[in-house]
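Residue 340 in the numbering used here is what sits at position 269 of the sequence shown, and the numbering runs on without skipping anything.
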Amino acid sequence: MTRHAFTVDVEDWYQGIPISDRASTRNAQRLEGCCHRLLDTMAEFDVRGTFFILGPVAQTYPNLIQRIADEGHELGCHGWSHDLVYEMTPDRFRAETQRACDAIAHATGQRVTAYRAAYFSITRHSLWALDILAELGFQCDSSIFPVRNWRYGIPDFELAPRMVQTPAGSICEIPMSVRQVGSMRLPVTGGAYFRLFPYFFSRANMRAVGKRGRAVVFYLHPWELDPDHPRIAFYWKARLTHYANLKATEPRLRRLLTDFSFGTLGEIAARIRKVDEGR
Ligand SMILES: [Zn+2]
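Now the structure itself:
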C-alpha cells in the first residue's frame, strides 16, 4: 500500500484568514483544544505526520509544540506572519522564515528542515523562495499547488516530487497532490477540498494517485476539527471555503486514517533524494 504524507498547518482559526491584526486579537484563541484532539486521534491510529508550525504559535504554545515533537511527528515551518510569499520581498521572506525557525527551535531544541508557505503562496512570482529555503538549510518544501486557484498555484508545475537545484544547493519540492483527468487537474484532498468533496470522491482520487506510484500529500488545520469556532465576516471568496462543512471533518478523518497509510513528508523527501543521488 502506498504510504502517503499526513501534514498539518498549525495555526489558530483566525491566523489564516484575511482580517486585520486588531480584529484577530479580540477573538478567542482556540488552537490548543482542537490540536490536542487531532494529536489524540493520530495517536489512536498510530500515525505520525509533519506539523508546519506558524512562528507565533511556537512562541505562545511551547508545551503544545513539545507534545507534537515528543509524539514522534516531524516539525516543519509555516512562516511567521501568514502573509502571501509572493507579496513579500526576498529579504522579508528570509527574515520571517528565520524568525519562525528560531521560535520553533527555542520551544523544542529542534532545527526544522521542512517548509510550507502560507496559502501555498510559492508561485511563478515567488520561486526565488526556494533558493532562500535551501540557503537556510531546508531539505524539503511543500508549498506549490499545481492547479489554477484565485490565490495560489502553478497550473503547469510537474506533479511528482523532485529535487530542485538552487545556487545554495538542492531542495526537494513535494507539490500538493493533484489528479490529472484529461486536461483537468483536480486537487486530490485536504483542507476545504476534503470537506467539500464527498468522502468517496476524495478516496477515489487518492487511490488513483497512489496507483500511479505517487504519495498523496494530505493536509489539515486543527481548526477544521472545531466546527463551533466564531463566525466573523471577511473577504467572501475566502469565507466560502473556511466554514464549509466543518462538521464532516472529524468522521471523515477517522475513515481516512482507516483506509490509508500515512507517514511524514521527510520520509518522502529522503526517498526522492536517494533516487536522485543514485542517478
Ligand atoms: Zn496556514
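Built from N, CA and C at the ideal position, the CB exists for glycine as well. These figures come from a predicted structure and were not determined experimentally.
Between residue 105 and residue 349, the alpha-carbon positions lie close to 42 Å from each other. Taking every protein chain shown into account, the CB of residue 269 has fewer than 16 other CB atoms within 10 angstroms, so this residue is exposed. If you look at residue 346, you'll find it in the alpha helix (DSSP H) that goes 336 to 348.
For residue 298, the closest alpha carbon among the candidates 173, 227, 73 and 101 is that of 101.
For residue 243, the closest of 256, 343 and 251 by C-alpha to C-alpha distance is 343. DSSP places residue 281 in the helix class (H, G or I) of the three-state scheme.
Taking all protein chains shown into account, residue 311 has fewer than 16 neighbouring C-beta atoms within 10 Å of its C-beta and is therefore exposed. For residue 258, the three-state secondary structure derived from DSSP is strand. Bridge pairing for residue 237: 240 [DSSP]. Contact annotation: residue 194 and residue 245 have beta-carbon atoms that are not nearer than 7 Å.
Inclusion of residue 339 and residue 76 in the CB contact set at 7 Å is warranted, their separation being smaller than that value. The Cβ atoms of residue 135 and residue 181 do not sit closer than 7 Å to each other. Apart from sequence neighbours up to five positions away, the residues of its chain that approach residue 170 with a beta-carbon distance below 8 Å are 126 and 151, ordered along the chain. According to the DSSP assignment, residue 75 belongs to the beta strand (DSSP E) that extends over 74 to 81.
Distances from the CA of residue 292 to each of 260, 117 and 272 were compared; the closest alpha carbon is that of 260.
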